[in-house]
Amino acid sequence: MSFLHFPPWVPLVLFFSLLFIILKEKAAANSKKGNFPPSPPKLPIIGNLHQLGKLPHKSLWRLSQRYGPIISLSLCHIETIIISSAETARALLKTNDFQSCNRPQTNVTKKLSYNFLDIGFSPYSDYWREIRKICMLELFSMKRVLSYEAIREQEVGLLIESISQSASCEATVDLTQKSIALTTDVIFRIAFGKLFKVDGFNEIASEVEVLLGSYGASEFFPIPFVGKIIDWFSGRKARLERVFNEMNVLFQEVIDEHLHSARPKPKQDDIIDVLLAINKKQAESCNVVITHESIKAILFNIIFAGLSTSSVAIVWAMAELMKNPKWMNKAQEEIRNQVGNHGKVRERDLEDLSYLKMIVKETLRLHPPVPLLIPRETISHFKIEGYDFHPKTMVQVNVWAIGRDPTYWKHPEDFLPERFVESSIDYKGQHFEFLPFGSGRRMCPGLNMGVKIVELALANLLYHFDWKLPNGMKEENLDMEENSGLSLTLHKKLPLKLVPTLYHP
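In terms of mature numbering (1 follows the signal peptide of the UniProt record, and there is no 0), the sequence shown is residues -29 to -1, 1 to 476.
Shown next as structure tokens:
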């Protein structure tokens, strides 16, 4: 047996590091005075980190049932407040929206520019306002969303064709994989103007999700240089560099292609065309200029905010309908009666499919794509329910817990689309018991785009096929477990595999 031999100075460094951490935590605790939210018992150094569990949204929900809708956690040296009720979410996202609209900066967000509206720019700055205005008015306006109708319909048509081939021989279809492929192709065509087949892109996307959904030791550890050493030894720093370089090469390639003089003028501008046009216009008349690096950052946000969220919503909706065949039959009857023998569901048909829309809402309630909204960071001091929120505190809203709160929802664990009959509740940020896309200044700007993809795909899957579980599996045996891990998005743990049978009108 061999033993590791450390230099004699290593124990001394560790001792003084621990002493520094303890003294720093004590000084920080003494520097902030006020009425703090209740907190579960903490351990030295790591605080409440051990209480997050494999599924943090569930662990935090259980803690909120014991300690209340506002709880305080110490994640090593990161002070965090968790919000778990509609009333406290309203107080944060509406009443104190501006005081809490910053984003905590991590090494990942700085490198990958995920928070392209935030990195290096305060919400008070001209640059931040200009970027936000461009996103809301130019990229995610309803007019722009509707202009990509043909792309969505074409890609959903290709999805149906590929499943039809499996249906002809009663082969099992992996709907998880099909949904990811669909959303990837739609988003690539909208962003780049064409499909890009990038080897291993799904693996890159999964790695990005893990990196964005986790903190490195350099963020958690109170002594930055020690944390950086840990990240270097663990391989996290190398992973981050590799992912950044691969995405940077892809984005630069498509930008260069759009700038090439020989490129034929497209029938319809994609996202890069729009941003390059703004770049040219601003260079002539504006002090705030959108650079190529800004364009890359915006592309990154669009792609990785839309890829998983839309695909997981399709998968969860189909899984719930397989568990509840009565609701599936009702949805198919509505869709098939409305569409008749037209051969496919078009986007113009969606407005008349009220029950389908209720299914999508109920799916987003039970399975919000991002169960813990992207963290906010407080800018200035404010109070909610008498508790003090100090500057530089990280705040997260547990929308998964709010969506299952019996205070607002009858039989909250059951999948009941009918709960939305004659209900004005929607997901656009004004009903705080239902916040799958957030609310306020940090609300997801791409919700209209994402919902269109989900509704169109789901409607066509239900119109064209009857579905059954493989190998004689019963509905009650369908696994509905959520995937554990550090991903921001709430994936189904096991892929959804079903057997389609082609429907003939």
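For every residue, glycine included, the Cβ atom is placed at its ideal position computed from N, Cα and C.
Because the structure is a prediction, the values reported are computed rather than measured.
Who are the Cβ neighbours of residue i in its own chain at under 8 Å, not counting the five residues just before and after it?
| i | result |
| --- | --- |
| residue 298 | 291, 292, 330, 386, 388 |
| residue 7 | 43, 358, 359 |
| residue 439 | 469, 470, 472 |
| residue 434 | 303, 306, 307, 310, 315, 316, 474 |
| residue 464 | 450, 452, 453, 454, 455 |
| residue 234 | 228 |
| residue 65 | 403, 410, 411 |
| residue 216 | none |
Determine the DSSP secondary structure at residue i, reduced to helix, strand or coil.
| i | result |
| --- | --- |
| residue 471 | strand |
| residue 50 | strand |
| residue 286 | helix |
| residue 44 | strand |
| residue 392 | coil |
| residue 451 | coil |
| residue 355 | strand |
| residue -21 | Below a pLDDT of 50, predicted positions are generally treated as unreliable, and residue -21, at 46, falls in that range; the measurement from the model is reported next regardless. Note: residue -21 maps to helix in three-state DSSP. |
| residue 168 | coil |
| residue 384 | coil |
| residue 365 | strand |
| residue 320 | helix |
| residue 464 | coil |
Less than 8 Å between the CB atoms is what I'm expecting for residue i and residue j, so what's the real figure, rounded?
| i | j | result |
| --- | --- | --- |
| residue 362 | residue 351 | 6 Å |
| residue 243 | residue 273 | No, residue 243 and residue 273 are not in contact; Cβ-Cβ is about 10 Å, not under 8 Å. |
| residue 149 | residue 161 | That pair is no contact at about 19 Å. |
| residue 249 | residue 105 | 6 Å |
| residue 50 | residue 364 | 5 Å |
Counting only the same chain and skipping the five closest in sequence on each side, list residues whose C-beta sits under 7 Å from that of residue i.
| i | result |
| --- | --- |
| residue 373 | 55, 56, 57, 60, 404, 406 |
| residue 239 | 118 |
| residue 70 | 349, 350, 351, 353 |
| residue 408 | 398, 400, 414, 415, 418 |
| residue 436 | 134, 138, 471, 472, 473, 474 |
Take residue i and list the residues in its own chain whose beta-carbon comes closer than 6 Å to its own, dropping the five residues that flank it on each side.
| i | result |
| --- | --- |
| residue 147 | 286, 466, 467 |
| residue -29 | With a pLDDT of 32 at residue -29, under the threshold of 50, the predicted position of this residue should be treated as unreliable, and no value is reported. |
| residue 342 | 28, 371, 461 |
| residue 412 | 68, 72 |
| residue 109 | 245 |
| residue 24 | 30 |
Decide if residue i is buried, meaning its Cβ has at least 16 other Cβ atoms within 10 Å, or exposed.
| i | result |
| --- | --- |
| residue 282 | buried |
| residue 206 | exposed |
| residue 475 | exposed |
| residue 44 | buried |
| residue 19 | buried |
| residue 163 | buried |
| residue 14 | exposed |
| residue 347 | buried |
| residue 204 | exposed |
| residue 220 | exposed |
| residue 75 | buried |
| residue 369 | buried |
| residue 334 | buried |
| residue 33 | exposed |
| residue 107 | exposed |
Output yes if chain C places a C-beta closer than 8 Å to the C-beta of residue i; else output no.
| i | result |
| --- | --- |
| residue 399 | No chain C appears in the structure shown, which is made up of a single protein chain. |
**Request:** Check whether the region 427 to 437 touches the region 123 to 138, counting contact only when three or more Cβ pairs, one atom from each stretch, lie closer than 8 Å.
**Result:** yes
**Cβ contact check for the region 441 to 450 and the region 271 to 289: 3 or more pairs under 8 Å** = no
**Message:** Does the contact criterion of 3 or more C-beta pairs under 8 Å hold for the region 30 to 40 versus the region 318 to 337?
**Reply:** no
**Asked** Would the region 100 to 115 and the region 409 to 423 be scored as touching if the rule is three or more Cβ pairs under 8 Å?
**Response** yes
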